[in-house]
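With our numbering applied, the sequence shown covers 19 to 405. Don't be surprised by glycine CBs; every beta carbon is placed ideally from N, CA and C.
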Amino acid sequence: MARIIYALSGQGRGHTSRVMATSEALRARGHHVVFCCGGTAREILERRGERVLPVPALRQVMEANRFRVGATVRRNWKRVVCAPRIARRLARAFAAQRADLLITDFEAFSPHAARRIGLPVLSFNHQQVVTETRYQLPMRHWPAAAMTAGAITAIAPSHPRHVLLTSFFFPELRHPECTTLVPPIIRPAVQELEPERGDHVLVYFNQTEGTGAVLDALRRVDVPFVAYNFGTPERPERYPNITFKHPSLEGFLSDLAGSRAVVCTAGFTLISEGLYLDKPLLVAPNGGIFEQTLNARFLEKEGLGEAASPGDTLTAGDVRGFLERAPRYAQRLDGFEARGNGAAVACIEDVLRTVGAEAPPETSVAPRPASSSSSARALARLHEPSA
Numbered sequence: 019m020a021r022i023i024y025a026l027s028g029q030g031r032g033h034t035s036r037v038m039a040t041s042e043a044l045r046a047r048g049h050h051v052v053f054c055c056g057g058t059a060r061e062i063l064e065r066r067g068e069r070v071l072p073v074p075a076l077r078q079v080m081e082a083n084r085f086r087v088g089a090t091v092r093r094n095w096k097r098v099v100c101a102p103r104i105a106r107r108l109a110r111a112f113a114a115q116r117a118d119l120l121i122t123d124f125e126a127f128s129p130h131a132a133r134r135i136g137l138p139v140l141s142f143n144h145q146q147v148v149t150e151t152r153y154q155l156p157m158r159h160w161p162a163a164a165m166t167a168g169a170i171t172a173i174a175p176s177h178p179r180h181v182l183l184t185s186f187f188f189p190e191l192r193h194p195e196c197t198t199l200v201p202p203i204i205r206p207a208v209q210e211l212e213p214e215r216g217d218h219v220l221v222y223f224n225q226t227e228g229t230g231a232v233l234d235a236l237r238r239v240d241v242p243f244v245a246y247n248f249g250t251p252e253r254p255e256r257y258p259n260i261t262f263k264h265p266s267l268e269g270f271l272s273d274l275a276g277s278r279a280v281v282c283t284a285g286f287t288l289i290s291e292g293l294y295l296d297k298p299l300l301v302a303p304n305g306g307i308f309e310q311t312l313n314a315r316f317l318e319k320e321g322l323g324e325a326a327s328p329g330d331t332l333t334a335g336d337v338r339g340f341l342e343r344a345p346r347y348a349q350r351l352d353g354f355e356a357r358g359n360g361a362a363v364a365c366i367e368d369v370l371r372t373v374g375a376e377a378p379p380e381t382s383v384a385p386r387p388a389s390s391s392s393s394a395r396a397l398a399r400l401h402e403p404s405a
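Set out below in structure tokens:
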């Protein structure tokens, strides 16, 4: 079977969960997979006993639910300046692996290393939905969209063999001849959950700074909340209806499966897993991260949840109103199963065949939904086998 180097962004856990689920499916098909990453992703994978080819991780700087461009540039400047040296070192490590294909999930340096040794590249992520699909936007979002598109273009491979996108919404592709769009990659731990409609609302924000106003809003809503990634406030007695929990994968997934709804930032992974488990969502996109704005817009467009304006703080009225309307979203989500694991692996193996690598016989997968306007209905009909 094929030898694959799988590179991934080192920031956050969404990339890591997608890559782990995909790599497990590839290994089950007989392929050899070695990872390349830094940051949080490297820590997680090495704790699992995986061999990792190290690479510096680029990181975003968030303050008060907003992406800070200047601070992000300053934090990553030295690594960007050293990019040629990093690529040369990485190219030597890649050559030693004698790989057939590099899959990159929004990792910045690995495509340059692959190009140096002629290693074919498959770009597989959610971020490039911003640049590789067509959609309409109000003018107020144009500046953020342009800035995000520029950043994505700088990080994504310039000439990959194929672009594989994963999404819970399905806009028209700009280049359908070299791009494939599949439903979200759902990790096995989530697939094994039995969702229930409990009393509590799960709350998760991807950064704790500036979330005091969110907590003040939640304590004014007469509903039990279970909050992750908020730490422990100085005066927890001020929040009698909020249970603060420390990071725990098993605990988080259990609370997600048993929740009545989810309040969170608009990251792709948690939205996808919430939808998979039939959870109505109220999302607060990080300001300045247009990918999250796009996720939020399509969540509302498909009638699957609600969204605050990018960078705005949720109010108690926002939360109360959402919870009053949540049963309506729950009805739309009943039986909504969107899982693209098998389709993604089939696409990867198609690319392996085009580069002359050995791959198992082709498997049948569900077709890609045709348009964004019908994506919710198409996804509801999509019951492809688990990879």
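Across which residues does DSSP place K263 in a beta bridge pair?
Position 245 of the sequence shown holds residue 263. Bridge pairing for K263: Y246 [DSSP].
What's the C-alpha gap between C55 and G230?
Counting from one through the sequence shown, the residue named residue 55 turns up at place 37. Counting from one through the sequence shown, the residue named residue 230 turns up at place 212. Their Cα atoms are separated by approximately 33 Å.
Are the CB atoms of Y347 and L312 nearer to each other than 8 Å?
Translated into the one-based positions of the sequence shown, residue 347 becomes position 329. Translated into the one-based positions of the sequence shown, residue 312 becomes position 294. Not a contact, by the Cβ cut-off of 8 Å.
Just the C-alpha distance for A111 and V369, rounded to the nearest angstrom, thanks.
Taking the first residue of the sequence shown as position 1, residue 111 is located at position 93. Taking the first residue of the sequence shown as position 1, residue 369 is located at position 351. So the two alpha carbons sit approximately 22 Å from each other.
Which residues bound the alpha helix (DSSP H) around S128?
Position 110 of the sequence shown, counted from the start, is the residue given in the question as residue 128. Where S128 is concerned, the enclosing alpha helix (DSSP H) stretches over 128-135.
Is I121 helix, strand or coil when you go by DSSP?
Indexing the sequence shown from 1 puts residue 121 at position 103. Of the three classes helix, strand and coil, the one that applies to I121 here is strand, per DSSP.
Neighbourhood of P298 by C-beta, 6 Å cutoff - its chain only, sequence neighbours within 5 removed
Taking the sequence shown and counting its residues from 1, the one referred to as residue 298 is at position 280. Here the set comprises A279, G323, A344, Y347, A348.
Can you tell me which of E61, F270, R350, I203 puts its alpha carbon nearest to the alpha carbon of T287?
Along the sequence shown, read from residue 1 onward, the residue named residue 287 stands at position 269. The shortest C-alpha separation from T287 is found at I203.
Are there three or more Cβ pairs, one per stretch, closer than 8 Å when the stretch 207-225 is compared with the stretch 176-196?
no
Need the endpoints of the alpha helix (DSSP H) that A364 sits in, please.
Locating residue 364 in the sequence shown gives position 346, where the first residue counts as 1. Its alpha helix (DSSP H) spans residues 359-372.
Using the three-state DSSP reduction, which class does Y3 fall into: helix, strand or coil?
Look at the range of the chain in this structure, 19 to 405, and you will see that residue 3 is not part of it.
Would you tell me roughly how many angstroms separate the C-alpha atoms of R103 and S128, rounded to the nearest one?
By one-based count along the sequence shown, residue 103 stands at place 85. By one-based count along the sequence shown, residue 128 stands at place 110. Going by the C-alpha atoms only, they are around 12 Å apart.
Distance check for A275 and Y294, CA to CA, integer angstroms please.
Here the question's residue 294 lines up with position 276 in the sequence shown. Here the question's residue 275 lines up with position 257 in the sequence shown. Take the alpha-carbon of Y294 and the one of A275: they are about 10 Å apart.
What is the DSSP secondary structure of V383, counted as helix, strand or coil?
Taking the first residue of the sequence shown as position 1, residue 383 is located at position 365. The predicted position of V383 is uncertain, since its pLDDT is 45 and thus under 50; a value taken from the coordinates is nonetheless stated next. DSSP places V383 in coil when its eight states are reduced to three.
Taking just the CA atoms, how far does D352 sit from P213?
The residue labelled residue 213 in the question sits at position 195 within the sequence shown. The residue labelled residue 352 in the question sits at position 334 within the sequence shown. When rounded, the distance between both Cα atoms is 11 Å.
Do A75 and Q146 have their C-beta atoms closer together than 8 Å?
As a working mapping, residue 75 is identified with position 57 in the sequence shown. As a working mapping, residue 146 is identified with position 128 in the sequence shown. In this structure, Q146 does not lie closer than 8 Å to A75 by Cβ.
Neighbourhood of A169 by C-beta, 6 Å cutoff - its chain only, sequence neighbours within 5 removed
Residue mapping note: residue 169 aligns to position 151 of the sequence shown, counting from 1. For A169, where only same-chain residues beyond five positions count, there are no Cβ hits under 6 Å.
Among the candidates E309, P242, I260, V239, whose CA atom is the shortest distance from the CA of F248?
Start at 1 with the first residue of the sequence shown, and residue 248 comes out as number 230. If we check each option's Cα against that of F248, I260 comes out closest.
Can V200 be considered in contact with the ligand GTP, in the sense that its beta carbon sits closer than 7 Å to one or more heavy atoms?
As presented, the structure is devoid of all ligands, the ligand GTP included, so that no description of it is given.
What's the gap between the Cα of V244 and the Cα of I22?
As a working note, residue 244 is residue 226 in the sequence shown. As a working note, residue 22 is residue 4 in the sequence shown. Using only the alpha carbons, I get a separation of about 39 Å.
Option in A117, C282, T166, S327 with minimal Cα separation from M19:
As a working mapping, residue 19 is identified with position 1 in the sequence shown. For M19, the nearest C-alpha among the options comes from A117.
Could you give the distance in angstroms between the alpha-carbon of G32 and the alpha-carbon of R253?
For the purposes of this step, residue 32 is taken as residue 14 along the sequence shown, with counting starting at 1. For the purposes of this step, residue 253 is taken as residue 235 along the sequence shown, with counting starting at 1. Taking the CA atoms as reference points, G32 sits about 31 Å from R253.
F286 - partner residues in DSSP beta bridges:
Start at 1 with the first residue of the sequence shown, and residue 286 comes out as number 268. For F286, which the question treats as bridged, DSSP gives no partner whatsoever.
Quick check on A396: does DSSP put it in helix, strand or coil?
On the sequence shown, position 378 is the one that residue 396 refers to. Unreliable positioning characterises A396 in this predicted model, as indicated by a pLDDT of 37, which lies under 50. The coordinate reading is nonetheless provided below. It is helical.
For V70, which of helix, strand or coil comes out of DSSP?
Counting from one through the sequence shown, the residue named residue 70 turns up at place 52. Reduced to three states, the DSSP call for V70 is strand.
Would you please verify whether the beta carbon of V301 is less than 8 Å from any beta carbon of chain C?
Absence of chain C from the displayed structure is noted, only one protein chain being present.
Find the nearest neighbour of H177 within the set T34, R133, T166, judged by alpha-carbon distance.
One-based indexing of the sequence shown puts residue 177 at position 159. The residue among T34, R133, T166 with its C-alpha nearest the C-alpha of H177 is R133.
Looking at the secondary structure, which residues open and close the alpha helix (DSSP H) in which Y347 lies?
Position 329 of the sequence shown, counting from 1, holds the residue named residue 347. Where Y347 is concerned, the enclosing alpha helix (DSSP H) stretches over 334-351.
Which stretch, first to last residue, makes up the beta strand (DSSP E) that contains I23?
Taking the first residue of the sequence shown as 1, we reach residue 23 at position 5. Counting along the chain, the beta strand (DSSP E) containing I23 begins and ends at 21-26.
Which same chain residues end up closer than 7 Å to R238 when comparing Cβ atoms and leaving out the 5 residues on each side of it in sequence?
In the sequence shown, residue 238 corresponds to position 220, counting from 1. A334, listed in sequence order.
Compare the C-alpha of I307 against each of A162, A375, P258, F340 and name the closest.
Counted from its first residue, the sequence shown places residue 307 at position 289. Answer by Cα proximity: A162.
According to DSSP, which residues form a beta bridge with L199?
To locate residue 199, count along the sequence shown from 1; it is residue 181. L199 pairs with L183.
As assigned by DSSP and simplified to three states, the class of R152
Mapped onto the sequence shown, residue 152 falls at position 134. R152 falls in the strand class under three-state DSSP.
Straight-line CA distance for E255 to G216?
To locate residue 255, count along the sequence shown from 1; it is residue 237. To locate residue 216, count along the sequence shown from 1; it is residue 198. Rounded to whole angstroms, E255 to G216 spans 23 Å at the Cα level.
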